[in-house]
Amino acid sequence: MVNEERLHHMIKMAIFDTDQGKECKPMTQYARKDYVSLRMLGSFVSGTIGFALILVTWGIYSMNQLMENLNAMDIQELLTSVLVKYIVFMIAYMAITYFVYNRRYTKGRREVKKYYGNLKKLNQLYEREDKLKMSENKDLSLIHISEPTRLALIS
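Number 350 marks the last residue of the sequence shown (this note's numbering); no jumps.
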């Protein structure tokens with residue numbers, strides 16, 4: 196006979212495993228600080244590459260203007276301007292990264308706790324079922340033990 200409550204918990208766990216399990220796996224392996232720091236490191240690299248691509252695209256777009264004003268341009272001022280824009284861009288990008296991954300970690304931990312709660316309930320259901328089977332087996336064994344005695348008394 197199928198235990199509906201146990202089946203319900205098993206379905207919830209299977210849905211979590213197929214949908215969110217891979218996304219939430221790092222939340223079980225890392226502390227919040229480590230998870231967010233690792234993601235911020237990756238974002239630093241991707242943000243730097245992204246800024247460089249934007250800078251190259253802008254340079255290609257403004258190539259005519261840059262070539263015309265190359266002699267009159269203050270290179271140090273241009274580099275300072277680019278560096279300030281890079282720092283502002285990275286601070287904003289890293290702040291967004293921190294908030295996004297901090298929130299993902301919190302949500303993922305909450306989902307993992309639900310999963311472990313379902314796992315614990317499922318384990319309790321199995322233990323309760325095992326105890327019932329054990330008590331039924333004990334009752335049966337007493338009947339089987341007393342049956343030959345009863346037959347001996349009748350004869």
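Don't be surprised by glycine CBs; every beta carbon is placed ideally from N, CA and C. Because the structure is a prediction, the values reported are computed rather than measured.
| query | result |
| --- | --- |
| If contacts are defined as beta-carbon pairs under 8 Å, then residue 239 and residue 284 qualify, I think. What distance do you get, rounded to the angstrom? | Actually they do not touch by this definition, with Cβ atoms about 11 Å apart. |
| Mapping DSSP to helix, strand and coil, what is residue 297? | helix |
| From residue 297 to residue 207, what does the alpha carbon distance come to, in whole angstroms? | 25 Å |
| What does the Cβ neighbour count give for residue 202, buried or exposed, with the cut at 16 atoms within 10 Å? | exposed |
| Is residue 269 helix, strand or coil by DSSP? | coil |
| Where do the ends of the alpha helix (DSSP H) carrying residue 225 lie? | Here residue 225 belongs to no alpha helix (DSSP H), and DSSP marks it neither H nor E. |
| Along the chain, where does the alpha helix (DSSP H) that runs through residue 259 open and close? | 258-263 |
| Across the segment 257-276 and the segment 285-296, are there enough close Cβ pairs to call them in contact, namely three or more that are closer than 8 Å? | no |
| How big is the Cα-Cα spacing for residue 351 and residue 318? | Nothing can be reported for residue 351: it is not among the residues displayed for the chain, which extend from 196 to 350. |
| Whole angstroms is fine: what's the gap from residue 316's alpha carbon to residue 305's? | 17 Å |
| Within its chain, find whatever has a CB closer than 7 Å to the CB of residue 221; leave out the 5 residues flanking it on each side and keep chain order. | 230 |
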